[in-house]
Structure formats: structure tokens, C-alpha cells
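Numbering (this note's numbering), first residue to last: 45 to 190. For every residue, glycine included, the Cβ atom is placed at its ideal position computed from N, Cα and C.
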């Protein structure tokens with residue numbers, strides 16, 4: 045028996061929804077999703093909308109997290125480097141700790157990091173995650189495209 049028209053339509057709709065979800069999350073690794081989920085949970089607690097990933101910011105954040113972990117130190121990137129998308133504003137949080145949750149807690153307890161998370165300016169974000177031994181490095185690159 046072949047599927048009925050509504051069944052085919054539902055399947056197509058489900059495939060479109062999955063494709064859109066993949067675009068929204070940029071096919072993140074589980075560890076990157078953990079960083080994004082922690083960030084967006086904090087934004088939700090502040091009654092702010094979740095930030096979708098933005099491709100250039102995502103690539104930059106992951107590359108920078110890997111560099112910081114490899115060098116086992118913290119310093120900010122030159123934010124415009126690697127951002128080919130037209131942007132009006134950029135921001136960056138970098139940190140390390142024992143876990144993603146510990147780093148996110150640190151961000152929320154720092155006025156400048158918290159300001160980036162709580163800003164209504166951003167319309168996209170990139171998140172990075174890398175480890176060096178027991179240290180978890182995370183990077184959040186915030187973007188307002190124009």
C-alpha cells in the first residue's frame with residue numbers, strides 16, 4: 045500500500061523542519077550545543093529570545109576555542125578576523141573552567157560578560173568548545189548583522 049497524500053505531505057513537512065533546524069543550529073557538535081544551550085538558558089531566564097547560530101561567528105568561535113585550548117591561555121581575538129558577513133556590531137566572551145556550566149556561571153557573574161549575554165543588540169552567535177586536560181574552554185562570538 046502506498047502512502048496517502050497527507051502522509052507524504054507530513055513527511056515532507058517533517059523533512060523541511062529538520063532541514064531548518066539544522067540550518068538554525070549549524071549542525072553543532074554535542075559540546076557546542078551544550079555551550080549554546082547554556083547561553084540561551086541564561087537569556088531565557090532574562091526574558092530574552094534565544095540566539096541562533098550564525099555561520100561566520102560559529103566558525104570563528106570554534107577556531108578560537110581550539111587555539112586557546114592548544115595554547116592553554118586566554119586572550120581575546122581580533123573580532124573582525126574571519127567574519128565575512130556584513131555586521132554592525134560584534135562581541136566576544138572567552139573563558140575556561142571545569143565544565144561548560146562552570147564557565148557559563150563565570151560569565152554570568154562577570155558584569156562585562158553578562159552584558160554581552162543580556163544584550164538585545166545581537167541577532168546571532170557562534171559558540172566554541174575545546175579542552176586541554178581538565179580545562180574546558182568556551183568562546184561566544186556575538187554578532188549583529190546589518
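Query raised in the report: Are the Cβ atoms of residue 90 and residue 159 separated by less than 8 Å?
Result: no
Query raised in the report: Of all the alpha helix (DSSP H) runs that stay within the bounds of the stretch 123 to 170, which reach a length of 4 or more residues?
Result: 144 to 152, 155 to 162
Query - Three-state secondary structure (DSSP) of residue 82 - result: Residue state, collapsed to three classes: helix.
Query raised in the report: By the 10 Å Cβ neighbour count, where 16 or more other Cβ atoms means buried, how is residue 118 classified, buried or exposed?
Result: exposed
Query raised in the report: Of the choices 95, 84, 114, whose alpha-carbon is the least far from that of residue 174?
Result: Measuring from the Cα of residue 174, the nearest candidate turns out to be 114.
Report task. Using a threshold of 8 Å, state whether the C-beta atoms of residue 105 and residue 187 are closer than that. Result -> At the C-beta level, residue 105 and residue 187 stay beyond 8 Å of one another.
Query - Selected residue, minimal CA-CA separation from residue 183, among 85, 133, 144, 164 - result: Minimum Cα distance to residue 183 is reached at 144.
Query - CA nearest to the CA of residue 148, picked from 78, 72, 73, 74 - result: 78
Report task. Whole angstroms is fine: what's the gap from residue 165's alpha carbon to residue 133's? Result -> 8 Å
Report task. Spatial neighbours of residue 203 within its chain, please: CB distance less than 6 Å, with the 5 preceding and 5 following residues excluded, ordered by chain position. Result -> No information on residue 203 is available, as it lies outside the stretch 45 to 190 that the chain covers here.
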